[in-house]
Amino acid sequence: MLIGLASTLALAACGKAGPAPPSRLPTSVPPSARSAAPLDGPALRPLAGYGFQADLFTPLRDIALERAREAGFDWIKQRVRWSALEPAGRGRFTWDALDAVVAAVADAKLRLLLNVEHTPAWVLGDRAIGPPGDPLDLKDFLAALANRYRGRVHAYELWNSANLSTAWGYGLLDAGDYVELLLAGYAGVKSGDPNAVVVGGALAPAGDIDLPAQQLQAIDDVAYVQQVYAYQDGIVRRAFDAWGVHAGGFNKAPAQAIGTPRGAGWNGHPSFYFRRLAQHRDVMEQHGDAAKPMWLTEVGWTTASGDPNYSFGADNSEEDQAQFVVDAFRVARAEYPFVTHLFVRSLNAQMVMAPNEAAYGFGVLWADGTPRPAYAALQAMDKGR
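Under my numbering, the sequence shown has 1246 at position 155, and the numbering climbs by one with no breaks.
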């Protein structure tokens, strides 16, 4: 989810949002019929990837990477901005900062997922934010990116929160446009590195919102997945290798059933629950994509902070956070065999952010790099291997 929008997303669940943005595609979201399996028992299957989302554009990157290794994790997710890597015009690249990150991750013998987003101004033209007007511009950039880091960047997640106006532009939300971006991006990555995994999705957990005064819109994330598959008879199936889901639990335990309350708020919409991921999977299977894995590329629980957008963090103690992040792995391993990779948000947020920044409470390390209870629990967690 994009920082600063969480409280607005809650309006949809409380019935205070305006009408959903118009769409020519389906918007109904049926509940998932999947039944829960017991968490306890011998030999839960291991995941193919145990990951942390991290910010390694910092002099303290080596400490963060050492903590990842010490926890027994093997993947890092790093968000990167196209606008920072090709800022001034086509082919005018600034690779130095990312070169250092990629080299450090490789030296740590970890695998790397890059989340690529944020169009440069020279592509946007007179728009302030959003996707490229011509997806082929992204294709060309990703071809260069994947070729440069062939064999060292192992996966690419294309865009972030495309169902939110803060990422896509107010009045411009369109799942078909996202499919076109994904098709072009997939071709670009594969031309640069045929072995790299392309991850689609990465939608914000959200209900339908249209608030013109605030210039804010959102499309319900599961409805958006339905629209993605409806576009051009499901051509999106050609455009990704794994579907990425942001499965934050807000103030809910991972095993908690959708619709059951905890705390004074944040109870009214399925997107407030970790189990929302099963509704994404239902849509995939309905459209013939049962063979593709799901990657949970952003899973985390914040503790209390001063940011009202993340007020649900007040319901989560240090002990809750520790239990919830471990239980997310246990639920995924016990109940969702299609989940192959899970990335915890966030490894080192407190090492790179100020305490008043919204995502600060998600970090599982303290600001000095020492473990919070959540890190200690993840380090001690049985990983089945």
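We put the CB at the ideal spot given by N, CA and C, even for glycine.
Just so we're clear, the structure is a prediction, and the values are computed from it rather than from any experiment.
Burial state of residue i, where buried means 16 or more other Cβ atoms lie within 10 Å
i, result
"tryptophan 1173", "buried"
"aspartate 1324", "exposed"
"glutamate 1161", "exposed"
"glycine 1132", "For glycine 1132, the pLDDT reaches just 49, beneath the cut-off of 50, and the residue's location in the model is therefore unreliable, although a value from the coordinates is still provided. Per the 10 Å Cβ criterion, exposed."
"asparagine 1439", "buried"
"aspartate 1217", "exposed"
"glutamine 1144", "buried"
"tryptophan 1357", "buried"
"threonine 1461", "exposed"
"threonine 1351", "exposed"
"glutamine 1306", "exposed"
"asparagine 1286", "exposed"
"asparagine 1342", "buried"
Paired residues, beta bridge with residue i - DSSP
i, result
"asparagine 1206", "Arg1170, Glu1248"
"glycine 1292", "Gly1335"
"glutamine 1308", "Asp1301"
"glutamine 1144", "Lys1168, Arg1436"
"tryptophan 1482", "Residue 1482 lies beyond the residue range present for the chain, which begins at 1092 and ends at 1476; the question has no answer from this structure."
"leucine 1033", "Beyond the ends of the chain as shown, which are 1092 and 1476, falls residue 1033; an answer cannot be given."
"leucine 1456", "Pro1462"
Contact check, residue i vs residue j, beta carbons under 7 Å
i, j, result
"alanine 1246", "serine 1252", "no"
"arginine 1366", "isoleucine 1349", "yes"
"arginine 1202", "aspartate 1231", "no"
"valine 1171", "leucine 1205", "yes"
"threonine 1388", "asparagine 1407", "no"
"phenylalanine 1453", "glycine 1391", "yes"
"alanine 1338", "valine 1288", "no"
"glutamine 1308", "leucine 1264", "yes"
"glycine 1335", "glutamate 1248", "yes"
"histidine 1371", "alanine 1139", "no"
"glycine 1260", "isoleucine 1300", "no"
"valine 1192", "leucine 1233", "no"
"arginine 1424", "arginine 1181", "no"
"alanine 1344", "valine 1416", "no"
"methionine 1442", "alanine 1458", "yes"
Distance between beta carbons of residue j and residue i, contact taken as under 8 Å
i, j, result
"glycine 1262", "tyrosine 1322", "Actually they are not in contact, since the Cβ atoms of glycine 1262 and tyrosine 1322 sit about 19 Å apart, beyond 8 Å."
"alanine 1235", "glycine 1298", "With a Cβ gap of about 38 Å, alanine 1235 and glycine 1298 do not count as contacting."
"lysine 1474", "tyrosine 1240", "About 27 Å; that fails the 8 Å criterion."
"serine 1427", "leucine 1469", "Position check: residue 1427 holds tyrosine in this sequence, whereas serine was assumed. Contact doesn't hold; Cβ gap of about 19 Å is too wide."
"asparagine 1254", "isoleucine 1310", "4 Å"
"alanine 1346", "valine 1422", "5 Å"
Quiz item: Which runs of the alpha helix (DSSP H) fall wholly inside the stretch 1172-1244 and span at least 4 residues, in chain order?
Solution: You should have 1173-1176, 1187-1198, 1212-1215, 1226-1239.
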